[in-house]
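Worksheet: one structure, shown below.
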Ligand SMILES: Cc1ncc(C[n+]2csc(CCOP(=O)(O)OP(=O)(O)O)c2C)c(N)n1
Ligand SMILES: Cc1ncc(C[n+]2csc(CCOP(=O)(O)OP(=O)(O)O)c2C)c(N)n1
Ligand SMILES: [Mg+2]
Ligand SMILES: [Mg+2]
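As structure tokens, this is what we get:
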């Protein structure tokens, strides 16, 4: 990651910058929100004494105790359903789903209940809660510890979906999510937890939901990405820059509500759009981005709206040869950029 | 519906045509498959004595008895999970989910299990089963008896998704689904059950999965639809035909695997593509269609790939004024066609 | 109506004393039951008259509903009800007008503003959780509410109610386990009417009593006769007190009967025998409770007639009121997807603020 | 190996007779247990040596696994196991080579062809259902298999196995209810090791014994000591026979201990005390069973040594074999999404048959 390009304008010049890993930023965000507001509680499998299987909640049980950091039974529907109820009665739960792959038993509670509570009650009830879950492959997690699940939820009106790509954003967006009055799904690429570091100010700041960020300005091709794919897109952009292809990289950050303005302005400028996502291609979130661009920036397009995405197989296979085959990487993205640029 | 345009070429001239409603054709399809093959069983809520809440299985319990027509407890995950197991041990279950809205408790079994069994076992096990569910609005069903759920499942490699729009196809596709060796989700628009009639031959025939059908040929605009929206698109096409707009209507029939050829040939011919779907617009199935067209037919496009779809609210609201607002109809589709045609 | 005043009359018959209530309490309970029945019967009349397209009924369940929830403290405890909970909602503070607005799905319907089907009640001020259709989900909401009450140290008990068929859903298992582990202030009520739509109990549940499942969670399981309103009251009160003492959840199963079809879309004669239906009618809680109160000298014919008159007027008023209220404005259908309005969540083109009026990309 | 031949030796000690087996059977059981342990220990060595990136272990569970599934009829009954089921899979027909191929995730791995993580066993020919990661789902598959057996009138019993933490999932409730209603030939085994990763039993389950839940489904619930291999055998056999007699499912809970961390990614000292860990080691089924057989005169030092030699050789062979097998060809990763190949399911551009080589639309 190129820190110089990550657009920290808002905080430039502040003295209290620290370098934090992605997971530390997330942990700090939770801890600080919990200190700020008693209504914030944490619940999930192994989030207590163990501090989570990735240690995202390490130390929080020690600081906040049994009442506010709850090791739940191994029951995801209960984790989400009880969080909904708790949110209706004055708390702001942060529910951890141990792996995004295991959110499916809670699908009904998320889609039928959390997403619809406000609408169906005509604003009588709201569900201010955050659901955190590690997603993504490239970590030898195989079919069930690698999944990208954002497409299932970005399709659901009433839910918000956030996927950060820097420690700064992870902390700032997580805080906004906790303070938000609606259910926010917050997906964290697990490969980034320890491999990604970045500057994070010590003090209070938030990053607003619903705003994309231009990570790298460019003139010829817009690459739209989120999560780990932002980092790969930036690396791909560096590669092709040497060949004279000038790439703009947009980090969506919030997948829903989507920042259409930033997206469309960029494509109207470059005339070419590549959407990069790790999830299975067919019906993935990138399809919506491509469809929006194709409809709303049509007159500005100098090439087909293109997608580079995970293959359409039911999961990331385990053996490293198969997993490498599955995963996007900067080389594959660079190839797709070249193809589009040459169009 | 205009029967003359529904493309029954394959069976033209056969003497034993009968007029059947949509739901009768589905019932006949199940009954005939059950007579043909002892391995076919039915299970679901109220499918026995009552014959299903829409009477899709009326009479089948009487004919096939307790062992082959099973009234299950009110537990969808069990219905799907046990069907998976039964399919692994020699049966071909047809599971009925009473309303598509209630498929969500079974999401994990469908997405993590049914879809992945063959892939994760490297073809060791397969899951030949059909999941039937009535979907769609316009019937005063409100948020939880109106939902379109196809986008959740068309995104999942390993699942097949079928949505018929005529009695002929419903029966022929259902038979193919029952004979298929992989899990097939078969969604039936409930508003069509009794309001749609059409010719259905008495004898044995199937309609293959994976093939779209041009319901109405035209030169200026391609409208892509499935299910009830095909009928509305045909009606819209008639309306605008009077104004001189010549519309081609494609009925996808199988949403996955998708018949790309028929889709792309049509758009390459007309140069304009409108995708009509009832589900919420953002991230709906139509986004994938739009994205494919935008990428693979770019050079042929004379206007933006457009979508007309359900509003992005969490469900179809109940009061008729609200429901009418939500639902697509021929007038709304015709407006969208006019806008695109005028581009 | 002094006869129904819950605090006005301190007379206490032996019957009332047997459960620690006054005669006025019993009359008030009876009135609630009778009122719920009258509203419910009116719903069917309106349905047959084509005024409301759908009815789902509580008839036969009202005795259990009024009894079991009578001890709840209004606007303090919580109920997550289900589609048959008309009497529960009435007992817990909703008015006949409010219930009738839900049947008509009018804009001012406090349950959903006309967005949900009839039967999907809800009322934030009264702590009545919005009902959805997928069954059993509400048990987890009630458990979460109880969890929040415990953490926030609020003196609140949360109650979830559903049918016996619904109690087989996975969410129920997960909820009871969690509530029991944390000894949450939670009561689970199952109204067992022997059918899940057409599926009889023996095909739905592997045990005779749903209450037998309580032992598997280490919590008390109580079976009550839903026609015995005062036994229901005592069971509900005991569970509430147990919960308040921090001793955790209770499962109460009330044996009730479904006097109507599953809903206005169902023909129950297709799957229920005449004997079965007759047996059901013999377990109608309303005449049974009426006779019990009359036998005990609590309910006189004069009081009963006065209540009937009052109810008649209330139902008439509620119907007229709801009928006269306006439908929701269709353009409000975009409201309350989120707490705030997001400009990027674009309404459809046929909506006033849709893309036709907002500038969309390109030189179209 | 004559000593381990299940049919070769008709000698029957009082111990063997007590459960209706021969000494040769007991030796064969012991051998399976010891072999499972040896494979498991080798997995950890390979993990620490960087040969295999992930290990999930059955150590401490093997006594229950071998005992409970010993009565199953190979390639006739069915098992839906879980990630700790190494000894179960071994007892039910998988070979050490096959198990080791799964650890190495090689192309010839019969469980998944290297697609799944180690521990996700499966074997169609042996009726071992492919293990997935989301816990508890397999109980419904086993129930469905039992349903098919009943409908097809096959003499088959289906067994599902999981941990106590997983038994709290909703699917378990729905499965037990359905299996009990239809008296399916089904056995549910819970291997209770007191932890779900770091979460101790008292925070996971509201009752002391998972078996207490059986009563809520009207089926027998049996608790067995997982170090008492023969008691496990008897419980498994009885449940199997009950199922074959058409009397329906049984829930068997075996109390076991987890001798290792949850997996190679876990540090259990962070959440388990030294006392707790010591107590666990005292319940290692392997030395307990060995001592029991030695005391009974069934297992001599000579036999034990011969078994140890055989196992050593088997593990060595399995390791060498699996290590030498090729990784799967990456281009097979597109295979078996469906039973047939669909041309419209397009591989990615970096795949030989991807869109780069198939004509894609437009004059690009
Ligand atoms: C998850 C789900 N599946 C199916 C339905 C359709 N449905 C509505 S009510 C009902 C039967 C409910 O039976 P029970 O719980 O016994 O309650 P009762 O209606 O008898 O009072 C069914 C199957 C639903 N609402 N939700
Ligand atoms: C649905 C789901 N949620 C979470 C996980 C992550 N996970 C894997 S094993 C495990 C603990 C299982 O505990 P238990 O059932 O007691 O079995 P044990 O590992 O102790 O043998 C967890 C939480 C999972 N695999 N599936
Ligand atoms: Mg019922
Ligand atoms: Mg355990």
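Residue numbers (the working numbering), protein chains in the order written: chain A, 1 to 343; chain B, 1001 to 1343; chain C, 2001 to 2364; chain D, 3001 to 3364. Don't be surprised by glycine CBs; every beta carbon is placed ideally from N, CA and C.
From the options, pick the residue whose C-alpha is nearest to that of residue i; which is it?
i                       : options                           : result
residue 3285 of chain D : D:3028, D:3025, D:3051 and D:3066 : D:3066
residue 1323 of chain B : C:2334, C:2024 and C:2083         : C:2334
residue 310 of chain A  : A:340, A:265 and A:275            : A:275
residue 190 of chain A  : A:17, A:23 and A:269              : A:23
residue 2068 of chain C : C:2210, C:2313, C:2225 and C:2118 : C:2225
residue 2155 of chain C : C:2289, C:2302, C:2063 and C:2075 : C:2075
residue 3185 of chain D : D:3166, D:3147, D:3340 and D:3163 : D:3147
residue 1280 of chain B : C:2311, C:2337 and C:2240         : C:2337
residue 3161 of chain D : D:3183, D:3171, D:3138 and D:3149 : D:3138
residue 139 of chain A  : A:343, A:317, A:332 and A:334     : A:317
residue 1258 of chain B : B:1293, B:1113 and B:1233         : B:1293
residue 161 of chain A  : A:137, A:168 and A:188            : A:188
In this structure, what does DSSP give as the bridge partners for residue i?
i                       : result
residue 3253 of chain D : D:3190 and D:3223
residue 223 of chain A  : A:249 and A:274
residue 160 of chain A  : A:184
residue 1043 of chain B : B:1070 and B:1095
residue 213 of chain A  : A:251
residue 3128 of chain D : D:3079 and D:3123
residue 3196 of chain D : D:3199
residue 1197 of chain B : B:1021
In chain order, what residues of the same chain have a beta carbon less than 8 Å from the beta carbon of residue i, not counting five sequence neighbours either side?
i                       : result
residue 66 of chain A   : 48
residue 1315 of chain B : 1142, 1143, 1144, 1146 and 1147
residue 17 of chain A   : 11, 199, 200, 201 and 202
residue 1105 of chain B : 1075, 1076 and 1077
residue 2265 of chain C : 2054
residue 31 of chain A   : 59, 60 and 63
Going along the chain, which residues of its own chain have a beta-carbon closer than 7 Å to the beta-carbon of residue i, five neighbours each way excluded?
i                       : result
residue 1346 of chain B : Because residue 1346 of chain B is not part of the residues shown, which for chain B are 1001 to 1343, the question remains open.
residue 83 of chain A   : 43, 93, 95 and 129
residue 2114 of chain C : 2105, 2106, 2107, 2327 and 2328
residue 3006 of chain D : Caution applies to residue 3006 of chain D, whose pLDDT of 46 falls short of 50 and renders its modelled position unreliable; the model cannot decide the point.
residue 178 of chain A  : 33, 40, 92, 94 and 130
Cutting at 6 Å between CB atoms, please list the residues of its own chain near residue i, excluding the five before and the five after it.
i                       : result
residue 3218 of chain D : 3180
residue 217 of chain A  : 248
**Item:** the segment 291-309 of chain A contacting the segment 113-133 of chain A, beta-carbon criterion three pairs below 8 Å
**Value:** no
**Message:** Please give me, in chain order, every unbroken run of the beta strand (DSSP E) with length at least 3 that falls completely inside the segment 1068-1120 of chain B.
**Reply:** 1069-1071 and 1092-1096
**Request:** Check whether the segment 1128-1139 of chain B touches the segment 1089-1108 of chain B, taking contact to mean three or more Cβ pairs, one atom from each stretch, closer than 8 Å.
**Result:** yes
**Secondary structure, beta strand (DSSP E): runs of 3+ residues fully inside the segment 1254-1325 of chain B** = 1254-1256, 1273-1280 and 1306-1310
**Asked** Three or more C-beta pairs closer than 8 Å, one from the segment 2201-2218 of chain C and one from the segment 3207-3215 of chain D: is that the case here?
**Response** yes
**Message:** Tell me whether the segment 2234-2248 of chain C and the segment 2267-2276 of chain C touch, counting them as touching only if at least three CB pairs, one residue from each stretch, are closer than 8 Å.
**Reply:** no
**Message:** Under 8 Å: do the segment 3088-3098 of chain D and the segment 3167-3181 of chain D share three or more Cβ pairs, one atom per stretch?
**Reply:** no
**Asked** Counting Cβ pairs, one atom from each stretch, are 3 or more of them under 8 Å apart for the segment 151-158 of chain A and the segment 280-290 of chain A?
**Response** yes
**Request:** Decide if the segment 1254-1269 of chain B is in contact with the segment 1206-1217 of chain B; the criterion is three or more beta carbon pairs, one per stretch, under 8 Å apart.
**Result:** yes
**Message:** With three or more beta-carbon pairs closer than 8 Å as the criterion, would you say the segment 240-247 of chain A touches the segment 185-204 of chain A?
**Reply:** no
**Message:** I'd like to know if the segment 2196-2204 of chain C and the segment 2115-2124 of chain C are in contact, where contact means that at least 3 CB-CB pairs between them fall below 8 Å.
**Reply:** no
**Prompt:** Which runs of the beta strand (DSSP E) spanning at least 3 residues fall entirely within the segment 3256-3338 of chain D, listed in chain order?
**Reply:** none
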